[in-house]
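Chains as they are written, first to last, in my numbering: chain A, 1 to 245; chain B, 246 to 340; chain C, 341 to 526.
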């Protein structure tokens, strides 16, 4: 049924595609740093959860153009989550004979990408006409964006769990990624988890501008993308660890 | 003390470790009792609580988590965390 | 006999442990800062905690860790059914911790004390809550370990799974030891 490992020809298209997916992840990080951090004022947060609506309007107006340009770049960054995530699933799928977990992982990839895109949408809307919106609408757009980003722990956390599972459950010799990568994914879930607290606090470390609920999940998330992207590039550049189709 | 402990069978070591942990819990409580009596301005009590807690954590790592038999870099990494966090907490609490 | 040094479980679990230790290290520092800046609030709030529940919880987790460490040792010596029994006892200790926590929290909430009451109780509820999630996951992990030790036939990676799961459980224990000291005793 399966040809012996030594007789399978190397799959050049797979290697190239996987390399594209890995670089997508790295590009997503660079674009986020540019669009979200340097220009977009998302991180470090320009706005605070306990600012007054009038304060929101004032701050957004002060940085209007850079937030707008930043939002466009954010869109691009977050759209690249798609290929990044699919690359991971394409590799974990190869460790399963009748894949189920990798398909679930794909659904979480799609949800995560969609949620992220909405973050960029919302951030842009916030800067569309801040003087014409009611000030609390501007405030709500900021709330909306941050909630989408960090309150979505089951989505992004679930994504990581469904990467960890096919790795840990893979039979010997067919691990799609090294086992330690699975544990890093589980650790990422832990680091995303405090984001769920932003609903309950408007100031302090657990608010959407706080150390624990904003900084830790964001830093962890992009570190996770970096680690997984490098793993994808590594798989693409080494002789095939999983010879059978 | 570590040499003597190495000669003991594992079961005995685990029992002794548990005993030490329970006793240390009592000691920590005693320091805390002293601390709360003084309105948390007693530096010795504060230090006692923190040091006892990290000593307990160290025992859990070395005996229960088997770091005693682990590669040295792993064991020393754990020691480093214990010392660094304990020192940070002591510095914040006592300065 | 010189024991050859090897990583208990596997490298990955220790990466997870290291990560968790770093994150909780940050949490511990936040508590200490809060204590330093709002000492009176912290002292008065701490006085409203039930120290005995905290002590009981500490003893439950210490004992559970002893059960787990002993279980792994038994498994190494081939006594798989003893291993399974000890893990069950550890799970019961964990369940006791959860029950205790429920009693403690509901008591506080009935007194009108919530995470929004003041900075101390914010840290108290959030950090013991995140720890409680660890305990719940830990009980689940112990359940998996018990399943492994009750399989009809031993597998080649059983010891790795047991040691890794046990390491996670001990992590849960040691995090509580420090949390208990900072929240209840200081």
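Cβ coordinates follow ideal geometry from the N, Cα and C atoms, glycine included.
Model, not experiment: these values are computed from the prediction.
How big is the Cα-Cα spacing for residue i and residue j?
i                      : j                      : result
residue 121 of chain A : residue 137 of chain A : 15 Å
residue 58 of chain A  : residue 38 of chain A  : 19 Å
residue 30 of chain A  : residue 139 of chain A : 27 Å
residue 228 of chain A : residue 419 of chain C : 40 Å
residue 271 of chain B : residue 81 of chain A  : 52 Å
residue 330 of chain B : residue 365 of chain C : 6 Å
residue 415 of chain C : residue 493 of chain C : 13 Å
residue 385 of chain C : residue 144 of chain A : 34 Å
residue 218 of chain A : residue 105 of chain A : 21 Å
residue 15 of chain A  : residue 442 of chain C : 52 Å
residue 236 of chain B : residue 324 of chain B : Summary: the structure shown does not reach residue 236 of chain B, with chain B confined to residues 246 through 340, and so no result is reported for it.
residue 148 of chain A : residue 119 of chain A : 6 Å
residue 96 of chain A  : residue 71 of chain A  : 38 Å
residue 486 of chain C : residue 427 of chain C : 6 Å
residue 177 of chain A : residue 237 of chain A : 13 Å
residue 318 of chain C : residue 361 of chain C : What is shown of chain C runs 341 to 526, which leaves residue 318 of chain C out entirely.
residue 438 of chain C : residue 447 of chain C : 14 Å
residue 339 of chain B : residue 288 of chain B : 6 Å
residue 379 of chain C : residue 276 of chain B : 17 Å
residue 327 of chain B : residue 133 of chain A : 52 Å
residue 67 of chain A  : residue 430 of chain C : 53 Å
residue 417 of chain C : residue 408 of chain C : 14 Å
residue 179 of chain A : residue 171 of chain A : 11 Å
residue 520 of chain C : residue 52 of chain A  : 37 Å
Apart from the five residues on each side of it in sequence, which residues of its chain come closer than 8 Å, Cβ to Cβ, to residue i?
i                      : result
residue 304 of chain B : 262, 265, 266 and 269
residue 27 of chain A  : 77 and 80
residue 202 of chain A : 49 and 50
residue 440 of chain C : 393, 396, 397 and 400
residue 190 of chain A : none
Within its chain, find whatever has a CB closer than 7 Å to the CB of residue i; leave out the 5 residues flanking it on each side and keep chain order.
i                      : result
residue 350 of chain C : 500 and 504
residue 320 of chain B : 312
residue 359 of chain C : none
residue 424 of chain C : 486, 489 and 490
residue 341 of chain C : Any reading at residue 341 of chain C needs caution, since the residue's pLDDT is 44, under 50, leaving its predicted position unreliable; the model's value is listed next. So the list is empty, once near-sequence residues are dropped.
residue 83 of chain A  : 20, 21 and 24
So, for residue i: in the same chain, excluding its five sequence neighbours on each side, which residues have a beta-carbon less than 6 Å away from its beta-carbon?
i                      : result
residue 251 of chain A : No statement about residue 251 of chain A is possible, as the shown extent of chain A runs from 1 to 245 and does not include it.
residue 353 of chain C : 504 and 507
residue 382 of chain C : 375 and 460
residue 524 of chain C : 389, 391 and 394
residue 123 of chain A : 71 and 145
residue 474 of chain C : 512
### Message
For the pair the segment 222-234 of chain A and the segment 466-484 of chain C, tell me if three or more CB-CB distances fall below 8 Å.
### Response
no
### Message
List, from N- to C-terminal side, the alpha helix (DSSP H) runs of 4 residues or more that fit wholly inside the segment 366-428 of chain C.
### Response
379-387 and 391-416
### Query
Which ranges would you report for the beta strand (DSSP E) in the segment 207-236 of chain A if only whole runs of at least 3 residues count?
none
### Query
So, do the segment 17-27 of chain A and the segment 231-238 of chain A have three or more beta carbon pairs nearer to each other than 8 Å?
yes
### Task
Spell out a yes or no on whether the segment 147-158 of chain A and the segment 109-121 of chain A are touching, meaning 3 or more CB-CB pairs, one atom from each, closer than 8 Å.
yes
### Task
Kindly provide the ranges of any alpha helix (DSSP H) runs that are 4 or more residues long and lie completely inside the segment 121-155 of chain A, ordered along the chain.
135-150
### Message
Would the segment 41-51 of chain A count as touching the segment 84-96 of chain A if we require 3 or more Cβ pairs under 8 Å?
### Response
no
### Message
Please give the ranges of any alpha helix (DSSP H) in the segment 11-92 of chain A, keeping only runs that are unbroken, at least 4 residues long and fully inside the region.
### Response
12-32, 53-62 and 64-79
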